[in-house]
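Participant: The opening residue of the sequence shown carries number 34 in the working numbering; numbering runs sequentially from there. Sharing a structure below in structure tokens format, with a few things to ask.
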Amino acid sequence: MPEENEKEEKGPGFNIILLLGIIIAIVIIAFTSSAFWKTNVIVKAIFFTIIFLPAWLIATAVAGKAKGLGLLIGILIGLIAVMAINSANPTFYGDLEARAATVTTAYKSGWSQGWSQLKCAFNPECVAGQQQKQPKLTTIQLNFPQTIYHSEKPFSMRENLTVINPYEEEINLTPQCYLGSKDSPIDTTIFNNKKSALFKQSTITKTAPIYCNDSTATKETVSGKNLIIEIERTTKVTLNSNISVSPESLAGTKEQITYTIKPDSEVLPYLVSLDLPGNQPFSEGQDFRIIFKKQKDFDLKRINSIKITSLLPVSCENFIQSDKEKSVIQIQNIDIQELLKNYATEKDTFSFNCNFMIVEELKSESSKPIQIDINYTTTKDFSTALSVAQ
34 MPEENEKEEK GPGFNIILLL GIIIAIVIIA FTSSAFWKTN VIVKAIFFTI
84 IFLPAWLIAT AVAGKAKGLG LLIGILIGLI AVMAINSANP TFYGDLEARA
134 ATVTTAYKSG WSQGWSQLKC AFNPECVAGQ QQKQPKLTTI QLNFPQTIYH
184 SEKPFSMREN LTVINPYEEE INLTPQCYLG SKDSPIDTTI FNNKKSALFK
234 QSTITKTAPI YCNDSTATKE TVSGKNLIIE IERTTKVTLN SNISVSPESL
284 AGTKEQITYT IKPDSEVLPY LVSLDLPGNQ PFSEGQDFRI IFKKQKDFDL
334 KRINSIKITS LLPVSCENFI QSDKEKSVIQ IQNIDIQELL KNYATEKDTF
384 SFNCNFMIVE ELKSESSKPI QIDINYTTTK DFSTALSVAQ
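Here it is in structure tokens:
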């Protein structure tokens, strides 16, 4: 009879095997529940489920009446596969979670903005108010979700870097981890095992994991210490202006010199400006200055390059003429020690002295374009106290 077969199939033997399978699975999960399962939990759970379900179904079909065995095999295959992926690529789950966080933030931001626009569609004042709330500054933050060191395992911490970059075309950020002090650098990687990350212009929050590892760390070297992460930020600035020159006889009305800068220097770590002569036109050489003044919480570490392109002859202190372009002078790789020694004018302010040279015989007024391309690096330290698991 069908009912008797069904009862026989679900008899005591089946229940015992199922119970044993569940107990063994729980023991396996408990045994493997370490720091590995405490990080990136959602991503690992999703991968485990994706691998476990087909493995369970196939194993159950093969095992026949021993369905508990099929369940056990499915769990084992899921656990082994998830941990094998981590062994092959230790940053896989962290990078995937970072991508998911960025997508989720973008979705929430898009939904929030869409809803706000819908509510304000017929209210101009509301729309104006919403526009005023747009982020005006680049935001760079570091969160420390991992601060506990398990002494039986290698030192490995994953921290989260979040960035909003509404104005600059791109920002390049390079992290460096230190254990205890800036004298003790340790191995550092960011998103997909790279040394730096490039963040394109966006009003959406972007997230990238930073991994700090030290194979030599011990309970004694970690206890009571701080994890320090230095973030280097590379910034590019372009200034443009037109300089009018004319003979003295045609000086006439003098106008204020104007110049443009991209991106707007007010949103950058350092305000970059030109201290140009107050009026134009010029008939003789005129002095001017390129000025860096701190305005945000990142400190100047290095000026990578200043490149001046001008049809009007220009000379600047310690600048050299380009080998490839006669209209270009430049200076490169000036570290903070040299900046403080030779270019500091006041606290957190640095100045480069330059001069326009009028060498041609002027018969009429003419306009001479000048472009200044600047690349500089700033730095900021983020720190958190570490604890050792007992």
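We put the CB at the ideal spot given by N, CA and C, even for glycine.
(1) Taking residue 382 as the reference, give the member of 79, 403 and 325 with the closest Cα.
(2) Along the chain, where does the beta strand (DSSP E) that runs through residue 350 open and close?
(3) DSSP three-state label for residue 253, please.
(4) Could you compute how far the alpha carbon of residue 227 sits from the alpha carbon of residue 193?
(5) Quick check: what's the CA-CA separation for residue 260 versus residue 411?
(6) Decide yes or no for the touch test of the region 176-196 against the region 231-249: beta carbon pairs closer than 8 Å, at least 3 of them.
(7) What are the partner residues of residue 269, as DSSP defines its beta bridges?
(8) In angstroms with no decimal places, state the Cα-to-Cα distance between residue 244 and residue 417.
(9) Measure the alpha-carbon distance for residue 88 versus residue 94 and round it to whole angstroms.
(10) How about residue 219 and residue 176: do their beta carbons lie closer than 8 Å?
(11) Using three-state DSSP, classify residue 224 as helix, strand or coil.
(12) Nearest CA to the CA of residue 172: which residue from 250, 302, 258 and 215?
(13) Does the distance from the CB of residue 364 to the CB of residue 333 come in under 8 Å?
(14) According to DSSP, which residues form a beta bridge with residue 386?
(15) Where DSSP assigns a beta bridge to residue 231, which residues make up the other side?
(16) If you drop the 5 nearest sequence neighbours on each side, which residues of the same chain put their C-beta closer than 6 Å to that of residue 348?
(17) Within its chain, find whatever has a CB closer than 8 Å to the CB of residue 181; leave out the 5 residues flanking it on each side and keep chain order.
(18) Tell me where the alpha helix (DSSP H) around residue 374 begins and ends.
(19) Could you round the C-beta distance between residue 386 and residue 320 to whole angstroms and report it? I think they count as a contact, below 8 Å.
(20) If you draw a straight line from the C-alpha of residue 286 to the C-alpha of residue 277, how long is it?
(21) Thinking C-alpha only, which one of 344, 377 and 351 is nearest residue 399?
(22) Measure the Cβ-Cβ separation of residue 252 and residue 184 and say whether it is below 8 Å.
(23) Near residue 336, which residues of its chain fall below 6 Å by C-beta distance, leaving aside the five closest residues on each side in sequence?
(24) May I ask you to report which of helix, strand or coil DSSP gives residue 77?
(25) Whose C-alpha, out of 275, 81, 248 and 207, is nearest the C-alpha of residue 442?
(26) Spatial neighbours of residue 401 within its chain, please: C-beta separation below 8 Å, excluding the five flanking residues on both sides.
(27) Tell me whether the beta-carbon of residue 341 lies closer than 8 Å to the beta-carbon of residue 294.
(28) Would you kindly check if the distance between the Cβ of residue 217 and the Cβ of residue 223 is under 8 Å?
(29) Would the beta-carbon of residue 85 fall within 8 Å of that of residue 108?
(30) Could you please give the first and the last residue of the uninterrupted beta strand (DSSP E) stretch that includes residue 174?
(31) Would you tell me roughly how many angstroms separate the C-alpha atoms of residue 256 and residue 413, rounded to the nearest one?
(32) Residue 292 and residue 307 look like a contact to me (Cβ under 8 Å); what is the Cβ gap, rounded to whole Å?
(33) Taking only the alpha-carbon atoms, compute the straight-line gap between residue 118 and residue 254 and give it to the nearest angstrom.
(34) For residue 210, which residues in the same chain have their Cβ closer than 6 Å to its Cβ, ignoring the five residues on either side in sequence?
(35) Residue 200 to residue 212, Cα distance in whole Å?
(36) So, are the CB atoms of residue 231 and residue 202 less than 8 Å apart?
Facilitator: In terms of the structure at hand:
(1) In the sequence shown, residue 382 corresponds to position 349, counting from 1. For the residues 79, 403 and 325, the minimum Cα distance to residue 382 belongs to 325.
(2) Counted from its first residue, the sequence shown places residue 350 at position 317. Taken as a continuous stretch (DSSP letters only), residue 350 belongs to no beta strand (DSSP E), as it is neither H nor E.
(3) Taking the sequence shown and counting its residues from 1, the one referred to as residue 253 is at position 220. Reduced to three states, the DSSP call for residue 253 is helix.
(4) Taking the first residue of the sequence shown as 1, we reach residue 227 at position 194. Taking the first residue of the sequence shown as 1, we reach residue 193 at position 160. When rounded, the distance between both Cα atoms is 15 Å.
(5) In the sequence shown, residue 260 corresponds to position 227, counting from 1. In the sequence shown, residue 411 corresponds to position 378, counting from 1. When rounded, the distance between both Cα atoms is 20 Å.
(6) yes
(7) Start at 1 with the first residue of the sequence shown, and residue 269 comes out as number 236. Residue 269 pairs with 408.
(8) Counting from 1 along the sequence shown, the entry for residue 244 is found at position 211. Counting from 1 along the sequence shown, the entry for residue 417 is found at position 384. Rounded to the nearest angstrom, the two C-alpha atoms are 14 Å apart.
(9) Position 55 of the sequence shown, counting from 1, holds the residue named residue 88. Position 61 of the sequence shown, counting from 1, holds the residue named residue 94. Their Cα atoms are separated by approximately 10 Å.
(10) Locating residue 219 in the sequence shown gives position 186, where the first residue counts as 1. Locating residue 176 in the sequence shown gives position 143, where the first residue counts as 1. Result no, Cβ atoms of residue 219 and residue 176 do not sit closer than 8 Å.
(11) Locating residue 224 in the sequence shown gives position 191, where the first residue counts as 1. Correct three-state label for residue 224: coil.
(12) Numbered from 1 along the sequence shown, position 139 holds the residue referred to as residue 172. The candidate whose alpha carbon is nearest that of residue 172 is 302.
(13) Along the sequence shown, read from residue 1 onward, the residue named residue 364 stands at position 331. Along the sequence shown, read from residue 1 onward, the residue named residue 333 stands at position 300. Not a contact, by the Cβ cut-off of 8 Å.
(14) Taking the first residue of the sequence shown as position 1, residue 386 is located at position 353. Its beta-bridge partners are 322.
(15) Counting from 1 along the sequence shown, the entry for residue 231 is found at position 198. Beta-bridge pairing links residue 231 to 205.
(16) Position 315 of the sequence shown holds residue 348. Once the five neighbours on either side are set aside, the close Cβ partners of residue 348 are 388.
(17) In the sequence shown, counting from the first residue as 1, residue 181 sits at position 148. Cβ neighbours of residue 181 beyond the five flanking positions: 419, 420, 421 and 422.
(18) For the purposes of this step, residue 374 is taken as residue 341 along the sequence shown, with counting starting at 1. Here the alpha helix (DSSP H) through residue 374 covers 369-375.
(19) Taking the first residue of the sequence shown as position 1, residue 386 is located at position 353. Taking the first residue of the sequence shown as position 1, residue 320 is located at position 287. Right, the Cβ-Cβ distance comes to about 7 Å (below 8 Å), so this counts as a contact.
(20) To locate residue 286, count along the sequence shown from 1; it is residue 253. To locate residue 277, count along the sequence shown from 1; it is residue 244. Caution applies to residue 286, whose pLDDT of 48 falls short of 50 and renders its modelled position unreliable; the value that the coordinates give is listed next. Going from the Cα of residue 286 to the Cα of residue 277 covers about 12 Å.
(21) Taking the sequence shown and counting its residues from 1, one reaches residue 399 at position 366. Residue 399 has its Cα closest to that of 344, out of 344, 377 and 351.
(22) Numbered from its first residue, the sequence shown carries residue 252 at position 219. Numbered from its first residue, the sequence shown carries residue 184 at position 151. The answer is yes: Cβ separation under 8 Å.
(23) For this step, residue 336 is matched to residue 303 along the sequence shown. Closer than 6 Å at Cβ, skipping near neighbours: 367 and 409.
(24) Here residue 77 refers to the residue found at position 44 when the sequence shown is read from its first residue. The answer is helix: DSSP assigns residue 77 an H, G or I state.
(25) Only positions 34 to 423 of the chain appear in the structure, and residue 442 is not among them; the question remains open.
(26) In the sequence shown, residue 401 corresponds to position 368, counting from 1. So the list reads 275, 276, 277, 278, 343, 344 and 345, once near-sequence residues are dropped.
(27) Translated into positions along the sequence shown, residue 341 becomes position 308. Translated into positions along the sequence shown, residue 294 becomes position 261. In this structure, residue 294 does not lie closer than 8 Å to residue 341 by Cβ.
(28) Walking along the sequence shown from the start, residue 223 turns up at place 190. Walking along the sequence shown from the start, residue 217 turns up at place 184. No.
(29) The count along the sequence shown starts at 1 and reaches residue 85 at position 52. The count along the sequence shown starts at 1 and reaches residue 108 at position 75. In this structure, residue 108 lies closer than 8 Å to residue 85 by Cβ.
(30) By 1-based counting over the sequence shown, the position of residue 174 is 141. Where residue 174 is concerned, the enclosing beta strand (DSSP E) stretches over 172-176.
(31) For the purposes of this step, residue 256 is identified with residue 223 of the sequence shown, where counting begins at 1. For the purposes of this step, residue 413 is identified with residue 380 of the sequence shown, where counting begins at 1. Cα to Cα, residue 256 sits roughly 24 Å from residue 413.
(32) In the sequence shown, counting from the first residue as 1, residue 292 sits at position 259. In the sequence shown, counting from the first residue as 1, residue 307 sits at position 274. Contact holds; Cβ gap of about 6 Å.
(33) Looking up residue 118 in the sequence shown gives position 85. Looking up residue 254 in the sequence shown gives position 221. Their Cα atoms are separated by approximately 30 Å.
(34) On the sequence shown, position 177 is the one that residue 210 refers to. Excluding residues within five positions, the ones whose Cβ falls inside 6 Å are 219, 221, 245 and 262.
(35) Along the sequence shown, one-based indexing puts residue 200 at 167. Along the sequence shown, one-based indexing puts residue 212 at 179. Their Cα atoms are separated by approximately 34 Å.
(36) Counting from 1 along the sequence shown, the entry for residue 231 is found at position 198. Counting from 1 along the sequence shown, the entry for residue 202 is found at position 169. No; because the gap between Cβ atoms is not below 8 Å, this pair is not in contact.
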